[in-house]
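Let me begin by presenting the structure, written as C-alpha coordinates, before commenting on it.
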Amino acid sequence: MEQLERKPIVEQCNGCGNIEEDKCRIWTTPAAKWRMGKCPSATHVKIEVKGTEQKIRVGQQKQKKK
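Be aware that the sequence shown starts at 10, since it is given in our numbering, and climbs by one per residue.
Shown next, in the form of C-alpha coordinates:
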(Lines of atoms letter the chains of each structure in order from A; the text may use other names.)
(Lines give C-alpha, C1' and ligand atoms only; values in the text may rest on other atoms or scores of the structure.)
Protein backbone atom coordinates (compact mmCIF):
# COMPACT_ATOMS: atom_id res chain seq x y z
CA MET A 10 0.00 0.00 0.00
CA GLU A 11 1.35 3.42 -0.98
CA GLN A 12 1.93 5.97 1.80
CA LEU A 13 0.54 9.42 1.18
CA GLU A 14 2.66 12.45 1.97
CA ARG A 15 1.42 14.21 5.08
CA LYS A 16 1.16 18.00 4.86
CA PRO A 17 2.26 20.21 7.79
CA ILE A 18 -0.34 21.38 10.29
CA VAL A 19 -2.04 24.77 10.13
CA GLU A 20 -2.32 27.38 12.90
CA GLN A 21 -5.74 26.11 14.04
CA CYS A 22 -4.20 22.68 14.81
CA ASN A 23 -1.98 24.06 17.60
CA GLY A 24 -2.95 22.42 20.89
CA CYS A 25 -4.49 19.29 19.34
CA GLY A 26 -3.58 15.88 20.76
CA ASN A 27 -3.36 14.30 17.31
CA ILE A 28 -0.14 16.10 16.30
CA GLU A 29 3.13 14.18 15.94
CA GLU A 30 6.25 16.02 14.71
CA ASP A 31 4.29 18.95 13.19
CA LYS A 32 2.08 16.55 11.20
CA CYS A 33 -1.45 15.33 11.89
CA ARG A 34 -1.58 11.60 12.54
CA ILE A 35 -5.19 11.35 11.30
CA TRP A 36 -5.48 13.60 8.22
CA THR A 37 -3.00 13.96 5.35
CA THR A 38 -4.12 17.54 4.61
CA PRO A 39 -5.18 19.23 7.86
CA ALA A 40 -5.88 22.57 6.14
CA ALA A 41 -8.75 20.97 4.22
CA LYS A 42 -10.50 19.98 7.46
CA TRP A 43 -10.49 23.58 8.73
CA ARG A 44 -11.84 25.18 5.52
CA MET A 45 -15.51 24.53 6.27
CA GLY A 46 -15.30 25.23 9.99
CA LYS A 47 -13.92 23.11 12.81
CA CYS A 48 -11.87 19.96 12.29
CA PRO A 49 -13.96 16.93 13.32
CA SER A 50 -10.94 15.28 14.99
CA ALA A 51 -9.66 18.29 16.92
CA THR A 52 -9.17 17.39 20.58
CA HIS A 53 -8.70 21.00 21.72
CA VAL A 54 -11.94 22.43 20.28
CA LYS A 55 -15.27 21.92 22.00
CA ILE A 56 -18.10 21.32 19.56
CA GLU A 57 -21.36 22.93 20.58
CA VAL A 58 -24.44 20.76 20.19
CA LYS A 59 -27.61 22.68 19.61
CA GLY A 60 -30.68 20.88 20.86
CA THR A 61 -34.19 21.44 19.66
CA GLU A 62 -36.35 23.32 22.07
CA GLN A 63 -39.50 21.51 23.05
CA LYS A 64 -42.78 23.33 23.41
CA ILE A 65 -44.24 22.97 26.86
CA ARG A 66 -47.99 22.67 27.07
CA VAL A 67 -49.41 24.58 29.97
CA GLY A 68 -53.00 23.52 29.57
CA GLN A 69 -55.59 22.66 27.01
CA GLN A 70 -57.13 25.40 24.96
CA LYS A 71 -60.77 25.22 24.09
CA GLN A 72 -61.57 25.41 20.42
CA LYS A 73 -64.13 27.91 19.29
CA LYS A 74 -67.34 26.50 17.85
CA LYS A 75 -68.32 27.79 14.44
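All C-beta atoms in this analysis are idealised placements derived from N, C-alpha and C, irrespective of residue type, glycine included.
Just so you know, these numbers come straight off a predicted model, no measurement behind them.
In angstroms with no decimal places, state the Cα-to-Cα distance between residue i and residue j.
i	j	result
Thr61	Ile35	32 Å
Gly68	Glu57	33 Å
Gln12	Gly46	27 Å
Gln63	Glu29	44 Å
Lys74	Lys42	58 Å
For the ligand NAP, I want to know if residue i counts as a neighbour, meaning its beta carbon is within less than 7 Å of at least one of the ligand's heavy atoms.
i	result
Lys71	Questions concerning the ligand NAP fall outside what the structure shown contains, since it holds no ligand whatsoever.
State the CB to CB distance for the pair residue i and residue j, rounded to an integer number of angstroms; the pair is presumed to be in contact (CB under 8 Å).
i	j	result
Cys33	Arg44	In fact, because the Cβ distance is near 14 Å, the residues do not count as touching under 8 Å.
Spatial neighbours of residue i within its chain, please: CB distance less than 6 Å, with the 5 preceding and 5 following residues excluded, ordered by chain position.
i	result
Pro17	Asp31
Who are the Cβ neighbours of residue i in its own chain at under 8 Å, not counting the five residues just before and after it?
i	result
Ala40	Lys16, Val19
Worksheet item: Per the contact definition of three or more C-beta pairs closer than 8 Å, is the region 42 to 55 in contact with the region 14 to 29?
Response: yes
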